[in-house]
Amino acid sequence: MSAMVKHKGLWCEKVQDGVKVRMQVFDNGQRETLIQPRYLFIPGTSDPDDPDAWVSEVDQTGTLEEQKRLEEKAKRSRWKSGQRAKRGCRWKIKQAGFNEMLTITYRENQQDLALCRKHFAAWLRKMRRAIPGFRGVWGFERQERGAWHVHVACDRLPMLMQFRGGRVVSWKVGTALWRDVVGRNNGLCFVGGKDGRFNRYRSPAKIAGYVSKYLTKDHENGEFGARMWDSTQGLTPPPAMTMHFPGVSMADAIGMAWELPQGHVVVQHMCNKFNTMWMLYSEPDPLVKRTTEAVMVDAAAQRYAQFATLAAESGFACRRV
Numbered sequence: 034m035s036a037m038v039k040h041k042g043l044w045c046e047k048v049q050d051g052v053k054v055r056m057q058v059f060d061n062g063q064r065e066t067l068i069q070p071r072y073l074f075i076p077g078t079s080d081p082d083d084p085d086a087w088v089s090e091v092d093q094t095g096t097l098e099e100q101k102r103l104e105e106k107a108k109r110s111r112w113k114s115g116q117r118a119k120r121g122c123r124w125k126i127k128q129a130g131f132n133e134m135l136t137i138t139y140r141e142n143q144q145d146l147a148l149c150r151k152h153f154a155a156w157l158r159k160m161r162r163a164i165p166g167f168r169g170v171w172g173f174e175r176q177e178r179g180a181w182h183v184h185v186a187c188d189r190l191p192m193l194m195q196f197r198g199g200r201v202v203s204w205k206v207g208t209a210l211w212r213d214v215v216g217r218n219n220g221l222c223f224v225g226g227k228d229g230r231f232n233r234y235r236s237p238a239k240i241a242g243y244v245s246k247y248l249t250k251d252h253e254n255g256e257f258g259a260r261m262w263d264s265t266q267g268l269t270p271p272p273a274m275t276m277h278f279p280g281v282s283m284a285d286a287i288g289m290a291w292e293l294p295q296g297h298v299v300v301q302h303m304c305n306k307f308n309t310m311w312m313l314y315s316e317p318d319p320l321v322k323r324t325t326e327a328v329m330v331d332a333a334a335q336r337y338a339q340f341a342t343l344a345a346e347s348g349f350a351c352r353r354v
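Numbering of the sequence shown is given in the working numbering, commencing with residue 34 and proceeding in unit increments.
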């Protein structure tokens with residue numbers, strides 16, 4: 034018999050019995066598969082009235098042991114909160130298919146999170162008026178100097194926009210609206226991460242992983258009880274499907290998970306450091322999609338050229354709309 038563990042107040046034998054698989058399929062075809070061992074907790078005795086079946090608790094109120102336990106509990110709670118934030122953020126980005134990241138900064142050393150939230154809310158309202166349908170997922174991060182800034186994952190912005198009587202580069206619109214809120218020359222809104230070299234053409238799933246990590250990396254160090262990220266409404270990820278496979282080994286389950294849909298490519302796969310969890314992210318091949326789009330554009334251009342030639346021979350004018 035293996036060592037007994039505490040489970041719901043009872044001494045139980047922890048026995049592995051197969052695997053648990055959680056799969057999530059997003060509207061744009063991206064998939065996440067998580068495989069973990071499935072455990073059963075078998076009570077050491079079938080008699081619930083047996084006093085030896087229950088874990089006896091020792092009152093440690095006011096002791097150093099209790100203080101240590103509470104500190105570890107709080108630390109683990111914050112870690113779990115950070116993992117939930119990262120997961121929820123990643124799922125929303127994948128569901129929306131965001132492929133752009135904006136970074137909004139202060140020139141001044143503005144260290145008030147509540148004021149930063151207020152400024153960002155005003156900027157967001159202005160952006161949604163300037164770009165109808167603008168949506169995103171954002172996170173607040175404190176810089177090394179102490180000032181707050183905001184990262185926003187969103188849909189790719191148009192290269193040029195009509196703004197205040199002229200056509201300007203889209204990021205300048207974000208900067209102008211941000212300065213309308215925080216004051217002239219008091220900040221920037223630029224495309225990209227910390228160094229501005231965010232690659233908008235990388236895998237959509239990699240974008241989601243990169244941006245969600247970026248948006249939530251300060252979550253555990255944020256102000257206590259404050260939500261360090263949020264999103265526009267309507268970004269609801271699909272529910273995950275959980276399946277239990279008694280008697281199936283981790284190796285067999287992982288082998289089955291590699292049977293991807295046709296046209297899918299692997300984005301990432303990994304085990305945790307304890308080898309108790311395996312993860313697989315896949316998506317429709319973005320290169321194939323771009324190649325297909327390019328072929329369609331070339332075919333459309335050829336059809337247009339053929340039609341233009343035919344129209345010219347017939348004496349009609351032809352123009353592209």
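Each residue gets a CB set at the ideal place from its N, CA and C atoms; glycine is no exception. Everything numeric in this text was worked out from a predicted model, so none of it was measured.
ask   = Hey, which unbroken runs of the alpha helix (DSSP H) at 4 residues or more fall wholly within the stretch 206–230?
value = none
ask   = Looking only at C-alpha atoms, which of GLY51, PHE59 and GLY95 sits nearest to PRO271?
value = PHE59
Assigned secondary structure, TRP8 (DSSP; H/G/I helix, E/B strand, else coil) = Residue 8 cannot be examined here, being either before or after the span of the chain that is shown, 34 to 354.
task = Pair every Cβ in the stretch 128–144 with every Cβ in the stretch 210–224, then say whether three or more of these pairs are closer than 8 angstroms.
result = yes
inquiry  = Within the continuous beta strand (DSSP E) that includes VAL299, where are the two ends?
reply    = 297–304
ask   = Distance, Cα to Cα, THR309 vs ASP213?
value = 51 angstroms
key: Residues near GLY267 in its chain [Cβ-Cβ closer than 8 angstroms; skip 5 each side]   = ARG168
query = Among all the DSSP beta bridges, which residues are the ones paired with PHE74?
reply = LYS47
key: Completely contained beta strand (DSSP E) runs for the stretch 116–193, where each covers 3 or more residues   = 133–139, 169–175 and 181–187
query = Taking just the CA atoms, how far does ARG189 sit from ALA327?
reply = With a pLDDT of 42 at ALA327, under the threshold of 50, the predicted position of this residue should be treated as unreliable, though the coordinate-derived value follows. Taking the straight line joining both Cα atoms gives about 19 angstroms.
request  = Please work out which residues of its chain come closer than 6 angstroms, Cβ to Cβ, to LEU67, disregarding the five sequence neighbours upstream and downstream, and give them in chain order.
outcome  = ARG55 and MET312
key: N- and C-terminal bounds of the beta strand (DSSP E) containing VAL201   = 199–202
query = Contact between the stretch 295–306 and the stretch 200–210: three or more CB pairs below 8 angstroms?
reply = no
task = Specify, as a first and last residue, the run of the alpha helix (DSSP H) that MET289 falls within.
result = 283–290
message = If I measure Cβ to Cβ from LYS127 and keep anything under 6 angstroms in the same chain, skipping five residues before and after, which residues do I get?
response = PHE59, GLN63 and ALA241
key: Limits of the unbroken beta strand (DSSP E) element including LYS39   = 37–40
task = Confirm, please, whether the CB-CB distance from MET261 to PHE153 is below 8 angstroms.
result = no
ask   = By Cβ distance, which residues of its chain are closer than 7 angstroms to GLN143, with the 5 residues on each side in sequence left out?
value = CYS149, ALA180 and TRP181
ask   = My guess is that GLY51 and GLY280 are in contact by the Cβ rule of under 8 angstroms, so how many angstroms apart are they, rounded?
value = 5 angstroms
inquiry  = Could you tell me the alpha carbon to alpha carbon distance between GLY216 and ALA155, rounded to whole angstroms?
reply    = 13 angstroms
task = Confirm, please, whether the CB-CB distance from ASP318 to TRP171 is below 8 angstroms.
result = no
ask   = If we count the other Cβ atoms within 10 Å of its Cβ and call it buried at 16 or more, is HIS184 buried or exposed?
value = buried
ask   = Using the beta-carbon count (16 or more within 10 Å), is GLY220 buried or exposed?
value = buried
request  = Using DSSP bridges, identify the partner residues of GLU65.
outcome  = GLN57 and TYR314
key: Any non-hydrogen atom of the ligand NAD within 7 angstroms of MET56 CB   = Judged by which ligands are present, the structure shown has none, so any question about the ligand NAD falls away.
ask   = Rounded to a whole number of angstroms, what is the C-alpha to C-alpha distance between THR269 and GLU292?
value = 27 angstroms
request  = With a threshold of 16 other CB atoms inside 10 Å of the CB of THR249, please say whether the residue is buried or exposed.
outcome  = buried
query = Alpha carbon to alpha carbon, how far is ARG366 from ARG102?
reply = Only positions 34 to 354 of the chain appear in this structure, which leaves residue 366 out of reach.
ask   = What's the C-alpha gap between GLU46 and ALA238?
value = 40 angstroms
message = Looking only at its chain, what residues have a beta carbon closer than 7 angstroms to the beta carbon of ARG123, apart from the 5 residues adjacent to it on each side?
response = ALA241, GLY242 and SER245
query = Quick one, which of LEU146, LYS119 and GLN195 has its alpha-carbon nearest ARG162's?
reply = GLN195
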